[in-house]
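Asks: Numbering (full-length UniProt numbering), first residue to last: 1 to 109. Where is the CB? At the ideal position from N, CA and C, for every residue including glycine. What follows is a single structure, and I will ask about it in a moment.
Encoded structure:
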């Protein structure tokens, strides 16, 4: 049987939420110092929370596989929109290039 934590569950959850809110911009040690625990303690709380919620903690701060699939679909859709916009810009640029050539020719004659 494991040792009972001297910190209440609400405190641990708040510390984990504070670490996650930093979005990977702060280390375990930095966040842990703010709440008054060691970096390893905070790291173990984050791991425990990840295990309880089924979150994929193999890569720090990344969502579980379902979240990655949704993000992949969103990025693919965005990529398609950007490719379409790029084609439109290329067409506009070609039209402007031809217009510039036409007017340059008119100015010379």
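If you reduce the DSSP assignment to three classes, tell me which class residue 41 lands in.
Replies: Taking the chain shown and counting its residues from 1, the one referred to as residue 41 is at position 41. DSSP places residue 41 in helix when its eight states are reduced to three.
Asks: Given a threshold of 16 other Cβ atoms within 10 Å of its Cβ, counted over all protein chains shown, does residue 29 qualify as buried or as exposed?
Replies: In the chain shown, the residue the question calls residue 29 occupies position 29. Per the 10 Å Cβ criterion, exposed.
Asks: With a cut-off of 8 Å on the beta carbons, I'd call residue 42 and residue 19 a contact; round off their distance for me.
Replies: Position 42 of the chain shown, counting from 1, holds the residue named residue 42. Position 19 of the chain shown, counting from 1, holds the residue named residue 19. Rounded, the Cβ-Cβ distance is 6 Å, consistent with contact.
Asks: Could you give the DSSP three-state label for residue 81: helix, strand or coil?
Replies: Counting from 1 along the chain shown, the entry for residue 81 is found at position 81. Helix, per DSSP.
Asks: Give a yes or no on whether 7 Å exceeds the smallest Cβ distance from residue 108 to chain D.
Replies: Reference to chain D is not applicable here, since this structure consists of a single protein chain.
Asks: Excluding the five sequence neighbours on either side, which residues of its own chain have a C-beta within less than 7 Å of the C-beta of residue 35, listed in chain order?
Replies: Along the chain shown, read from residue 1 onward, the residue named residue 35 stands at position 35. A distance below 7 Å between beta-carbons, with the five flanking residues on each side excluded, links residue 35 to the following residues of its chain, in chain order: 15 and 18.
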